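**Q**
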Amino acid sequence: MDLKKEQLADRIAGIIIMIFLLIPQYWSTQYVFNANDKSELVWIAWAYALGIDSAILYFTWKGWIKVALIYMAVSFAHNISYHLSPESIGAIFLISSCSPATIFAVGHLYLHRKAKHKKDTKTDPIPEKVWQIYKAISKGIFFEAQPFRCPECNETFSDKRKLNGHITAHKKSNEWKPENYGDWELENHQRYQSL
Ligand SMILES: [Zn+2]
Numbered sequence: 000m001d002l003k004k005e006q007l008a009d010r011i012a013g014i015i016i017m018i019f020l021l022i023p024q025y026w027s028t029q030y031v032f033n034a035n036d037k038s039e040l041v042w043i044a045w046a047y048a049l050g051i052d053s054a055i056l057y058f059t060w061k062g063w064i065k066v067a068l069i070y071m072a073v074s075f076a077h078n079i080s081y082h083l084s085p086e087s088i089g090a091i092f093l094i095s096s097c098s099p100a101t102i103f104a105v106g107h108l109y110l111h112r113k114a115k116h117k118k119d120t121k122t123d124p125i126p127e128k129v130w131q132i133y134k135a136i137s138k139g140i141f142f143e144a145q146p147f148r149c150p151e152c153n154e155t156f157s158d159k160r161k162l163n164g165h166i167t168a169h170k171k172s173n174e175w176k177p178e179n180y181g182d183w184e185l186e187n188h189q190r191y192q193s194l
């Protein structure tokens, strides 16, 4: 299976697993909310559950792993309340603290990221190398991107076919040791994708 198909298959499998597991998770959370809510509006409980349990997905997707782990604990607490005592002081504390905490976490992390990003773009100077290349291009010098790197000798190539020819030469002279190279094909693919 090629890399793109494999990534797509991984993604589809991941989405299917998440859909299956989120259904009972949303159910437990809305049940705990509903057991203690005075509004008697079912949709409010569902809005609460969708917000709280989707937070894990959101934080994981953003790469905020520590916060995602906290939300895993939050979902766990809802499950325990659902199974043991939906109508309890513990459950009331849980649902009372989770909404404001989630609103705070999403708002704070988003603003924090934004401020950091602003700072990054302000302080990062353009590297000298980039200026050299820019000057050369404006004088008509041609550059070719070479994202494909040989893991044995580090020589770079503009396309995969050239790299494969080069690797064949390594193999013929017994210099090809794939067990030493790690995930070099993925690294090449990522460099190529970033073009
Ligand atoms: Zn090589």
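Here the sequence shown is numbered in numbering that gives the first Met the number 0, starting from 0 and rising by one per residue.
Note that beta-carbon positions come from the ideal geometry of N, C-alpha and C, so glycine has one too.
None of the values given here were measured: they were computed from a predicted structure.
1. Below 7 Å, is the gap between the Cβ of Glu151 and the nearest heavy atom of ligand 1?
2. Provide the residue(s) that pair with Thr59 in DSSP beta bridges, ordered along the chain.
3. Across which residues does DSSP place Phe147 in a beta bridge pair?
4. Less than 6 Å between C-beta atoms, sequence neighbours within five positions excluded: which residues of the same chain meet that for Phe156?
5. Please confirm whether any heavy atom of ligand 1 lies closer than 7 Å to the CB of His169.
6. When DSSP labels each residue in this structure, what does Leu7 get in the three-state scheme?
7. Any beta carbon of chain D sitting closer than 8 Å to that of Ser74?
8. Rounded to a whole number of angstroms, what is the C-alpha to C-alpha distance between Ile91 and Ile15?
9. Looking only at its own chain, which residues have a Cβ that is under 7 Å from the Cβ of Asp36, when we skip the five neighbours before and after it?
10. Could you give the distance in angstroms between the alpha-carbon of Cys97 and the alpha-carbon of Lys159?
11. For the alpha helix (DSSP H) holding Lys134, just list the boundary residues, first then last.
12. Got a sec: does ligand 3 put a non-hydrogen atom nearer than 7 Å to the Cβ of Glu5?
13. How would you call Thr28, buried or exposed, if buried means at least 16 neighbouring beta carbons within 10 angstroms?
14. What is the rounded straight-line gap between the Cα of Asn153 and the Cα of Lys134?
15. Just to confirm my understanding: we take His195, look at its own chain, exclude 5 residues before and 5 after, and list those with CB closer than 8 Å. What are they?
16. Quick check: what's the CA-CA separation for Val66 versus Ser95?
17. Taking the CB atoms as reference points, tell me whether Val41 and Pro85 lie closer together than 8 Å.
18. For Ile43, name the three-state secondary structure that DSSP assigns.
19. If we ignore side chains and look at the alpha-carbon of each, how far apart do Leu194 and Ala72 end up?
**A** A quick look at the data gives this:
1. Within the sequence shown, residue 151 is the residue found at index 152, counting from 1. Because some heavy atom of ligand 1 lies under 7 Å away, the Cβ of Glu151 counts as near it: yes.
2. The residue given as residue 59 occupies position 60 in the sequence shown. Its beta-bridge partners do not exist; DSSP assigns none.
3. The residue labelled residue 147 in the question sits at position 148 within the sequence shown. Bridge pairing for Phe147: Phe156 [DSSP].
4. Residue 156 sits at position 157 when you count from the first residue of the sequence shown. Closer than 6 Å at Cβ, skipping near neighbours: Gln145, Phe147, Leu162.
5. Against the sequence shown, residue 169 aligns to sequence position 170. Result yes, Cβ under 7 Å from ligand 1.
6. Your numbering for residue 7 matches position 8 in the sequence shown. Leu7 falls in the helix class under three-state DSSP.
7. The question asks about chain D, but that chain is absent: this structure has only one protein chain.
8. For the purposes of this step, residue 91 is identified with residue 92 of the sequence shown, where counting begins at 1. For the purposes of this step, residue 15 is identified with residue 16 of the sequence shown, where counting begins at 1. Approximately 32 Å, taken between the alpha carbons.
9. Within the sequence shown, the letter at position 37 stands for residue 36. In chain order, Ile43, Ala44 place their CB closer than 7 Å to the CB of Asp36, counting only its own chain and leaving out the 5 sequence neighbours on each side.
10. In the sequence shown, the residue the question calls residue 97 occupies position 98. In the sequence shown, the residue the question calls residue 159 occupies position 160. Cα-Cα distance, rounded: 51 Å.
11. For the purposes of this step, residue 134 is taken as residue 135 along the sequence shown, with counting starting at 1. Annotation for Lys134: the continuous alpha helix (DSSP H) segment containing it runs 127–137.
12. As presented, the structure is devoid of ligand 3, carrying ligand 1 as its sole ligands.
13. Numbered from 1 along the sequence shown, position 29 holds the residue referred to as residue 28. With 16 or more other Cβ atoms within 10 Å, it is buried.
14. As a first step, residue 153 is located in the sequence shown; it is residue number 154 there, counting from the start. As a first step, residue 134 is located in the sequence shown; it is residue number 135 there, counting from the start. When the Cα atoms are used, Asn153 and Lys134 turn out to be separated by approximately 27 Å.
15. Nothing can be reported for residue 195: it is not among the residues displayed for the chain, which extend from 0 to 194.
16. Taking the first residue of the sequence shown as 1, we reach residue 66 at position 67. Taking the first residue of the sequence shown as 1, we reach residue 95 at position 96. It is roughly 19 Å from the alpha-carbon of Val66 to the alpha-carbon of Ser95.
17. Stepping through the sequence shown from its first residue, residue 41 is reached at position 42. Stepping through the sequence shown from its first residue, residue 85 is reached at position 86. Cβ atoms of Val41 and Pro85: not closer than 8 Å.
18. Here residue 43 corresponds to residue number 44 of the sequence shown, with the count starting at 1. Note: Ile43 maps to helix in three-state DSSP.
19. Residue mapping note: residue 194 aligns to position 195 of the sequence shown, counting from 1. Residue mapping note: residue 72 aligns to position 73 of the sequence shown, counting from 1. Going from the Cα of Leu194 to the Cα of Ala72 covers about 40 Å.
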